[in-house]
Amino acid sequence: MDEFSHLEIPLEVVKAATNNFTDKPIGYGGFGAVYKGELLLPTGPRTVAIKRLDRKSMQGNVEFWKEILMLSDLEHENLSPLLHFCREGDERILVYEYASGGSLDKHLDKASLTYLNRLKICIGAAKGIAYLHDPKINTQQQRVLHRDIKSSNILLDDKMTAKVSDLGLSKFGPANQARPYIVSNVVGTPGYIDPVYLETGILSKESDVYSFGVVLLEVICGRLCFKYDKDGGLVNAWKNCCDEDRLDDIIFPDLIKQRMDQQSLWTYVNIAKRCLNRNSKERPTMTKVIKELEFALHLQLNSKHDKANPSKMPISYRLMEEFNNHQDAKVLPSKGRILRRLLKGVNFEVKTL
Numbered sequence: 001m002d003e004f005s006h007l008e009i010p011l012e013v014v015k016a017a018t019n020n021f022t023d024k025p026i027g028y029g030g031f032g033a034v035y036k037g038e039l040l041l042p043t044g045p046r047t048v049a050i051k052r053l054d055r056k057s058m059q060g061n062v063e064f065w066k067e068i069l070m071l072s073d074l075e076h077e078n079l080s081p082l083l084h085f086c087r088e089g090d091e092r093i094l095v096y097e098y099a100s101g102g103s104l105d106k107h108l109d110k111a112s113l114t115y116l117n118r119l120k121i122c123i124g125a126a127k128g129i130a131y132l133h134d135p136k137i138n139t140q141q142q143r144v145l146h147r148d149i150k151s152s153n154i155l156l157d158d159k160m161t162a163k164v165s166d167l168g169l170s171k172f173g174p175a176n177q178a179r180p181y182i183v184s185n186v187v188g189t190p191g192y193i194d195p196v197y198l199e200t201g202i203l204s205k206e207s208d209v210y211s212f213g214v215v216l217l218e219v220i221c222g223r224l225c226f227k228y229d230k231d232g233g234l235v236n237a238w239k240n241c242c243d244e245d246r247l248d249d250i251i252f253p254d255l256i257k258q259r260m261d262q263q264s265l266w267t268y269v270n271i272a273k274r275c276l277n278r279n280s281k282e283r284p285t286m287t288k289v290i291k292e293l294e295f296a297l298h299l300q301l302n303s304k305h306d307k308a309n310p311s312k313m314p315i316s317y318r319l320m321e322e323f324n325n326h327q328d329a330k331v332l333p334s335k336g337r338i339l340r341r342l343l344k345g346v347n348f349e350v351k352t353l
């Protein structure tokens, strides 16, 4: 592994950065504890995140070298970059750029994280995953499947830019490998794992799409999927709320109080629902997910909000879906008119010429 020698640093430098690992970890992952440290380098001090392998964890040397192998050659604004590593004795340590905003899961239930900011974060994370999936644009010219997409693996910097992290469990193969993988050991985090992958062992890029769909639900619902134990879990509860036209029962209440554009919300809801399609062949590509989320962002940025009190505005999935299905009609009702009808509790029927 001489080609990575420029990234290797001595253990004493890492110990100095973490007070010999006596500092309290800032987090824990499948690899082990994560510490914040001030790394003293020839180029000057740098604040970093230091992941120390826990020998009791499910990960080990294979995952350690896999992450080095991939991240040393993958470079994207929305990937958490590997800066250095250390291997001395039993120690296996990875050093990353420090994400001062923490992980996305810590922000889900914060009212300060607006719908607009949530959209931007989701777009950034989607771009990072799309980069991994597309051998035409990533520098390794390999198709990389993450296998552990979840909100805690999406980090945020000081500008709230999303950074996809933790590639230790990922799989990669040649660019021309069109077929999915068949694996004997299904890995990932319960609640986020694609049910097709879980039941059959067949892993594909659509497995990552499903996991990202769960993240989209967490972002709009303001809660972690594994902490929602009603109605068979968050995904089932979401689908039931869509079918029964009661999205406002599950969307994060503080978001409902904000001025969310109804068409933007429908676009977001619809792409999340497609990501979670039981039939993996019907799921969108991450490139398509990006386009839909960017369209939702465009609609939100250019929205002319109704004057009605947004906190009292019911969210009707059926109406949003009906409106979208009739967008090619010659006569369409204005959004303001639709929302006024909703507020009055009147059913609205779209008529064409």
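Residue numbers (the UniProt record's numbering): 1 to 353. A virtual CB, placed ideally from N, CA and C, is assigned to each residue, including glycine.
Closest residue to residue i among the options (Cα-Cα distance)
{"i": "alanine 130", "options": "Lys51, Glu88, Phe212", "result": "Phe212"}
{"i": "leucine 11", "options": "Val219, Leu40, Glu282", "result": "Leu40"}
{"i": "lysine 66", "options": "Tyr268, Leu169, Val269", "result": "Leu169"}
{"i": "aspartate 134", "options": "Lys291, Thr287, His298", "result": "Thr287"}
{"i": "leucine 71", "options": "Cys242, Lys163, Ala33", "result": "Lys163"}
{"i": "serine 280", "options": "Leu301, Asn185, Asp243, Val209", "result": "Val209"}
{"i": "arginine 278", "options": "Val14, Lys239, Ala111", "result": "Lys239"}
{"i": "alanine 49", "options": "Arg246, Tyr98, Asn61", "result": "Tyr98"}
{"i": "glutamine 300", "options": "Val196, Ser165, Leu116", "result": "Leu116"}
{"i": "serine 103", "options": "His84, Val62, Asn153", "result": "Asn153"}
{"i": "glutamate 88", "options": "Glu8, Asp249, Phe295", "result": "Glu8"}
{"i": "leucine 293", "options": "Ile271, Ser207, His84, Thr200", "result": "Ile271"}
{"i": "phenylalanine 31", "options": "Leu297, Phe252, Leu167", "result": "Leu167"}
{"i": "arginine 246", "options": "Pro25, Lys36, Val269", "result": "Val269"}
{"i": "valine 13", "options": "Arg283, Phe85, His76, Thr200", "result": "Phe85"}
{"i": "serine 106", "options": "Val62, Phe295, Leu224", "result": "This sequence places lysine at residue 106; serine is not what is there. Lysine 106 has its Cα closest to that of Leu224, out of Val62, Phe295, Leu224."}
{"i": "serine 264", "options": "Arg274, Lys230, Thr285, Ala296", "result": "Ala296"}
{"i": "lysine 36", "options": "Pro253, Asn19, Pro42", "result": "Asn19"}
{"i": "alanine 16", "options": "Arg46, Asp249, Gly27", "result": "Arg46"}
{"i": "leucine 132", "options": "Ser80, Val196, Phe252", "result": "Ser80"}
{"i": "glutamate 77", "options": "Leu69, Gly128, Glu38", "result": "Gly128"}
{"i": "glycine 27", "options": "Leu53, Glu3, Leu69, Phe4", "result": "Leu53"}
{"i": "cysteine 275", "options": "Ser165, Phe172, Glu206", "result": "Glu206"}
{"i": "isoleucine 68", "options": "Leu82, Thr43, Cys241", "result": "Leu82"}
Cutoff 8 Å: residue i Cβ touching any chain B Cβ
{"i": "aspartate 166", "result": "The structure shown has no chain B; it contains just one protein chain."}
Reduced DSSP secondary structure (H/G/I, E/B, other) of residue i
{"i": "glycine 102", "result": "strand"}
{"i": "leucine 247", "result": "helix"}
{"i": "histidine 146", "result": "coil"}
{"i": "alanine 162", "result": "strand"}
{"i": "valine 186", "result": "coil"}
{"i": "isoleucine 193", "result": "coil"}
{"i": "arginine 297", "result": "A quick correction: the sequence has leucine, not arginine, at residue 297. Helix at leucine 297."}
{"i": "lysine 110", "result": "coil"}
{"i": "lysine 291", "result": "helix"}
{"i": "leucine 94", "result": "strand"}
{"i": "arginine 278", "result": "coil"}
{"i": "leucine 265", "result": "helix"}
{"i": "glutamate 199", "result": "helix"}
{"i": "proline 310", "result": "Confidence at proline 310 is low in this model, with a pLDDT of 47, below 50, so the placement of that residue should be treated as unreliable; the coordinate-derived value is given next. Correct three-state label for proline 310: helix."}
{"i": "lysine 120", "result": "helix"}
{"i": "leucine 167", "result": "coil"}
Local Cβ density within 10 Å of residue i, reported as buried at 16 or more and exposed below that
{"i": "histidine 6", "result": "exposed"}
{"i": "lysine 304", "result": "exposed"}
{"i": "asparagine 302", "result": "exposed"}
{"i": "alanine 126", "result": "buried"}
{"i": "lysine 150", "result": "buried"}
{"i": "glutamate 244", "result": "exposed"}
{"i": "threonine 267", "result": "buried"}
{"i": "arginine 143", "result": "buried"}
{"i": "arginine 147", "result": "buried"}
{"i": "arginine 55", "result": "exposed"}
{"i": "asparagine 197", "result": "One point to set straight first is that residue 197 is tyrosine, not asparagine, in the sequence displayed. Looking at its Cβ environment, which holds 16 or more other Cβ atoms inside 10 Å, tyrosine 197 is buried."}
(request) Identify every run of the beta strand (DSSP E) within the region 3 to 80, keeping only runs that are complete inside it and at least 3 residues long; order them along the chain. (result) Counting only runs of 3 or more, we get 32 to 41, 44 to 53.
(message) To test your reading of the DSSP string, which unbroken beta strand (DSSP E) runs of 3 or more residues are found completely within the region 205 to 243?
(response) Given a length threshold of 3 residues, the region 205 to 243 has no whole run of the beta strand (DSSP E) inside it.
(request) Say whether the region 252 to 265 touches the region 146 to 165, bearing in mind that this needs 3 or more beta-carbon pairs closer than 8 Å, one atom from each stretch. (result) By the Cβ test, the region 252 to 265 is not in contact with the region 146 to 165, since fewer than three Cβ pairs between them sit closer than 8 Å.
(message) For the region 117 to 124 against the region 208 to 222, do three or more pairs of beta-carbon atoms, one drawn from each stretch, fall closer than 8 Å, so that the two count as touching?
(response) Because the criterion of three Cβ pairs below 8 Å is met, the region 117 to 124 and the region 208 to 222 touch.
(message) Would the region 83 to 97 count as touching the region 223 to 238 if we require 3 or more Cβ pairs under 8 Å?
(response) Two segments are said to touch when three or more pairs of C-beta atoms, one from each, lie closer than 8 Å; by this definition the region 83 to 97 does not touch the region 223 to 238.
(request) Give a yes or no on contact between the region 191 to 202 and the region 96 to 115, applying the rule of three or more CB pairs nearer than 8 Å. (result) At 8 Å Cβ cutoff, the stretches do not touch.
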